[in-house]
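Here the structure comes first, spelled out in structure tokens, and everything after it is commentary.
Protein chains: 2
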Amino acid sequence: MSQRTKIKALLESEQTGIDVTVKGWVRAFRQNRFIALNDGSTNNNIQIVVDFENTDPALLKRITFGAAISVSGELIPSLGQGQKFEVIAKEIEILGDCDPEEFPLQPKRQTLEFLREKAHLRFRTNTFGAIFRVRNSLAFAVHLFFQERGFVYLHTPIITASDAEGAGETFHVTNFDLANPPKTENGEIDFKEDFFGKATNLTVSGQLEGELGAMALSDIYTFGPTFRAENSNTTRHLAEFWMIEPEVAFNNLDDNMDLAEDMLKYVIKYALDKNAEDIEFLTQRLLEEEKQKPQQERSEMSLLEKLQFCLDNDFERLTYTEAIEILKESTPNKKKKFQYPVEGWGTDLQSEHERYLVEKHFKKPVILTDYPKEIKAFYMRQNDDGQTVRAMDILFPGIGEIVGGSQREERLEKLEQRMDEMGIPKDELWWYLDTRRFGACPHAGFGLGFERLVLFVTGMGNIRDVIPFPRYPKNAEF
Amino acid sequence: MSQRTKIKALLESEQTGIDVTVKGWVRAFRQNRFIALNDGSTNNNIQIVVDFENTDPALLKRITFGAAISVSGELIPSLGQGQKFEVIAKEIEILGDCDPEEFPLQPKRQTLEFLREKAHLRFRTNTFGAIFRVRNSLAFAVHLFFQERGFVYLHTPIITASDAEGAGETFHVTNFDLANPPKTENGEIDFKEDFFGKATNLTVSGQLEGELGAMALSDIYTFGPTFRAENSNTTRHLAEFWMIEPEVAFNNLDDNMDLAEDMLKYVIKYALDKNAEDIEFLTQRLLEEEKQKPQQERSEMSLLEKLQFCLDNDFERLTYTEAIEILKESTPNKKKKFQYPVEGWGTDLQSEHERYLVEKHFKKPVILTDYPKEIKAFYMRQNDDGQTVRAMDILFPGIGEIVGGSQREERLEKLEQRMDEMGIPKDELWWYLDTRRFGACPHAGFGLGFERLVLFVTGMGNIRDVIPFPRYPKNAEF
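Residue numbers (the working numbering), protein chains in the order written: chain X, 22 to 499; chain S, 22 to 499.
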């Protein structure tokens with residue numbers, strides 16, 4: 022048989038009456054006559070019309086849900102509803118059988134929980150096909166956005182010897198025999214004998230190394246996996262997730278906010294343009310899902326409306342201090358509806374507070390800036406008030422924090438002082454401090470949790486459904 | 022001061038007589054008058070002309086090699102050689118001082134070995150600026166190539182519970198206290214208590230999970246970090262490196278070779294177009310380096326010629342068996358010049374043999390196919406001869422193997438038989454075998470070691486110089 026044509030291309034064809042070969046997986050076979058075939062290039066199936074009277078019944082029997090087949094035939098305009106074209110089969114070949122009795126997937130709606138157990142097969146459903154095509158577009162749009170602006174994509178290390186941020190628990194990386202690691206005379210683990218000659222772990226962020234790149238190449242970004250060994254069994258956390266971390270020399274916090282807002286709008290717009298059908302499908306899926314919920318828990322906007330709304334509105338920018346004032350005076354706070362009452366300046370915001378600001382008060386994405394230094398990392402630039410740092414968090418409806426960033430502390434003395442106060446070991450970070458010793462400059466950057474972005478754009482509710490093979494406590498299957 | 026203009030944009034400006042602001046790091050300051058300023062957007066510097074008679078001497082003293090400065094002034098046509106434009110400074114601000122006595126870098130040629138110790142600062146040299154801009158272009162070109170062809174970028178897991186390929190030693194990932202891991206009653210490590218509830222390690226390849234995606238989305242690729250805990254202290258091996266692994270449903274080995282050859286040519290051409298100046302610089306660098314070598318060790322072609330040559334020629338395709346015949350009959354084999362004499366069919370090829378085929382016999386890239394099954398992985402499709410598998414290796418001049426791939430064994434029975442023969446645990450790979458149970462189809466894919474590609478395109482000799490922060494035995498610095 023000749024080379025196949027992808028179904029997406031077939032459905033956009035400008036010619037009919039031509040011979041084509043199409044290959045894919047059977048999604049349905051009705052009346053021994055109509056095959057709905059899908060190859061993952063689009064959520065739409067191509068209809069294959071079978072001349073069952075002149076086809077071997079043994080072959081017909083093998084055209085089952087999930088089977089892989091190859092079809093050659095003529096592409097013609099379809100008379101059926103909802104499809105422009107169909108293929109009149111001249112030759113059908115079974116590439117791989119699929120016993121309906123054994124196949125874990127069924128041609129009906131199956132729960133997301135069930136499909137998570139079958140993550141190796143869930144790509145074959147409409148929902149997950151759409152999710153992973155949208156994820157693909159978002160990932161590529163991130164690259165496009167930064168490349169168009171002359172940024173250098175930098176691969177920062179995955180295995181590191183420093184838990185620089187103190188950002189939480191890390192995974193150890195070792196090639197010791199865990200049952201019998203070498204020990205020093207004092208009975209301690211002898212990391213000098215380990216592969217890297219010291220204790221190593223999986224990175225929690227590429228930022229510090231990213232700054233090294235920015236201090237020479239000006240504009241860099243990372244896009245790679247990061248890890249947290251936190252025992253969080255939530256719909257918002259993964260042990261392994263992908264992060265995008267741009268870092269820009271000479272940028273201040275305003276530049277940083279502009280860059281982040283531009284980037285978010287760019288990638289959302291790209292997905293809306295490129296994956297219109299997938300997002301339409303996911304919008305309908307969410308509507309169906311929300312029908313099961315009580316009225317007051319349903320979204321005010323559909324997925325599509327929510328995405329469009331993000332593009333059409335400037336993100337609201339205000340300081341943490343201003344946000345605290347709004348929250349203190351808010352109706353839910355006064356009526357004691359918040360689980361964590363907002364009493365005064367200095368406390369970290371909870372998800373319920375962020376959602377109130379975004380979903381109720383401003384009704385659009387919000388950028389909060391200038392947080393108390395006590396609740397932020399050591400490398401954030403200190404404001405003159407002695408209390409706050411030039412941090413920014415971007416809060417999205419339904420998601421909460423999607424971006425966290427800051428202008429960085431470029432002044433060596435201030436940086437070292439803060440590291441001392443917070444107990445960050447300066448000798449381990451000698452290379453980071455070097456950038457403040459030799460030709461330092463103001464600079465800023467941020468981190469975008471990629472899966473949270475995918476959650477937002479697909480309207481899914483559980484982060485385990487937007488990464489192919491999620492890693493979380495007690496799960497590293499596949 | 023206003024927003025900066027990047028130096029690359031300034032040097033491509035079509036206007037002069039305009040006021041500009043430029044920021045970067047001082048590469049040279051001659052005669053108290055001419056600053057060479059670089060911001061990493063290009064290897065070229067912009068010349069800043071300082072009116073030293075009307076500038077504060079204290080400020081002039083701070084314009085040292087490595088200092089970060091901001092300059093506002095007028096862009097004018099330059100009378101100097103080798104530059105089209107220069108900036109007449111009206112205002113100079115020191116953003117960050119750089120004490121020449123302390124700064125590890127010096128304004129002269131420094132050895133690659135020395136710069137590897139200073140990997141946090143080496144981005145500021147011409148050589149590493151060029152390398153990492155070229156690396157960036159190659160990475161983006163990989164994405165462009167696959168996106169243009171409708172592939173889905175799939176993030177396969179980094180932490181896995183299977184060393185599926187048996188590809189070599191893996192790094193353990195754990196959140197146990199290594200000094201005191203929990204044990205079972207039998208005194209064995211109790212991995213049920215570990216974060217993921219089982220023993221886990223860092224992935225050596227995303228291929229098997231990639232196949233799961235291809236069996237639904239048809240065309241996928243991965244681009245992510247992979248790991249080998251091999252104690253190899255060579256110029257060709259890293260413990261952490263990036264791999265690109267496309268996997269395509271319905272492709273056979275010929276399609277696979279076409280895809281790989283097209284991809285390599287596409288990304289090399291992209292870098293040649295986008296990074297002409299960087300590659301020109303690296304070509305000169307290599308020429309200088311090779312002047313230190315005896316005549317017979319120097320390359321016959323310059324870097325630029327070698328890259329162009331790859332674009333202009335079809336890769337030579339032949340079977341392993343044919344290659345063995347050529348090698349057996351070759352002059353170096355007959356004259357016993359090979360360290361490992363080629364005596365017969367079945368042995369793995371050594372680097373010297375691959376280089377002979379590529380550099381001496383065919384004088385172009387070579388694709389070898391149909392290797393003996395004993396020296397290849399379990400998942401490669403078995404040929405009818407019972408001896409060989411549908412493998413392919415692409416061999417490049419100076420690099421050796423740059424791509425390894427195969428058509429995959431889609432027949433369940435054959436696959437299981439080979440797994441049994443090779444001692445691959447079938448129960449651990451139940452999900453992989455499921456793709457052969459339910460709608461299997463012919464498919465093929467390959468892996469490209471990204472750093473080997475960067476080595477080839479930059480003409481560098483040591484793989485540690487083409488990744489920002491290399492990981493190898495006893496080294497995880499930065």
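Each residue gets a CB set at the ideal place from its N, CA and C atoms; glycine is no exception.
Contact set between residue i and chain S, taken where Cβ atoms lie within less than 7 Å
i	result
X/Ala160	Tyr174
X/His164	Phe161, His164
X/Glu261	Pro178, Ile179, Ile180
X/Ser62	Gly171, Ser239
X/Asn584	Look at the range of chain X in this structure, 22 to 499, and you will see that residue 584 of chain X is not part of it.
X/Trp452	His141, Phe499
Exposure label - residue i; buried when at least 16 CB within 10 Å
i	result
S/Ile388	buried
X/Trp451	exposed
X/Phe135	exposed
S/Gly103	exposed
S/Met22	Residue placement at S/Met22 is poorly supported in this model, since its pLDDT is 45, which falls under 50; the coordinates still yield a value, given next. The residue in question, S/Met22, is exposed, as its Cβ has fewer than 16 Cβ neighbours within 10 Å.
S/Trp263	buried
X/Arg492	buried
X/Ala260	buried
S/Lys204	exposed
S/Gly367	exposed
X/Gln168	buried
S/Leu348	buried
S/Gly61	buried
X/Gly426	buried
S/Pro418	buried
Interface partners of residue i on chain X, CB under 7 Å
i	result
S/Gln168	Phe161
S/Arg154	Val173
S/Asn196	Glu190, Phe192, His193, Ala250
Beta-ladder partner(s) of residue i, from DSSP
i	result
X/Met401	X/Arg429
S/Phe135	S/Phe135 pairs with nothing; no bridge assigned.
S/Glu95	S/Asp40, S/Ile109
X/Met264	X/Gly245, X/Gly470
X/Ala292	The partner list for X/Ala292 (beta bridge, DSSP) is empty, contrary to what the question assumes.
X/Ala89	X/Trp46, X/Gly117
X/Ile69	X/Ile56, X/Val108
X/His464	X/Ala270
X/Val173	X/Ile241
X/Ile210	X/Lys204
S/Asn222	S/Thr181, S/His193
S/Asn496	S/Tyr493
Interface residues of chain X facing residue i [CB-CB closer than 8 Å]
i	result
S/Glu209	Ala200
Chain S residues whose Cβ lies nearer than 8 Å to that of residue i
i	result
X/Thr221	Ala497
X/Gly466	Simply none; closest approach about 15 Å.
X/Gly87	Phe459, Gly460
Within chain X, partners of residue i - CB distance below 9 Å
i	result
S/Ala297	Neighbours of S/Ala297 on chain X: none; closest Cβ ~16 Å, over 9 Å.
S/Glu230	His141, Pro489, Phe490, Phe499
S/Lys44	Ser239, Ala270, Phe271, Cys462
Contact belief for residue i with residue j at Cβ below 8 Å, rounded distance in angstroms
i	j	result
S/Ser32	S/Lys105	The sequence given here places Leu at residue 32 of chain S; Ser does not occur at that position. Right, the Cβ-Cβ distance comes to about 7 Å (below 8 Å), so this counts as a contact.
X/Glu298	X/Asn483	In fact, because the Cβ distance is near 23 Å, the residues do not count as touching under 8 Å.
S/Phe467	S/Pro386	About 14 Å; that fails the 8 Å criterion.
S/Ser34	S/Leu96	6 Å
X/Ser158	X/Lys44	X/Ser158 to X/Lys44, Cβ: 23 Å. No contact.
X/Arg411	X/Leu274	5 Å
S/Asp455	X/Leu142	7 Å
X/Glu311	X/Ser320	6 Å
Quiz item: Are at least three pairs of beta-carbons, each pair with one atom in the segment 67 to 80 of chain X and one in the segment 42 to 58 of chain X, less than 8 Å apart?
Solution: yes
Quiz item: Do the segment 318 to 337 of chain S and the segment 285 to 301 of chain S meet, that is, are 3 or more Cβ pairs less than 8 Å apart?
Solution: yes
Practice problem: Specify whether the segment 72 to 90 of chain X and the segment 113 to 128 of chain X touch according to this definition: at least 3 beta carbon pairs, one from each stretch, less than 8 Å apart. | Solution: yes
Quiz item: Are the segment 398 to 416 of chain S and the segment 425 to 440 of chain S in contact at 8 Å, needing three or more beta carbon pairs?
Solution: yes
Quiz item: For the segment 198 to 212 of chain S against the segment 228 to 236 of chain S, are there 3 or more C-beta pairs whose distance is under 8 Å?
Solution: no
Quiz prompt | At least 3 beta-carbon pairs within less than 8 Å: the segment 189 to 201 of chain S vs the segment 192 to 200 of chain X | solution = yes
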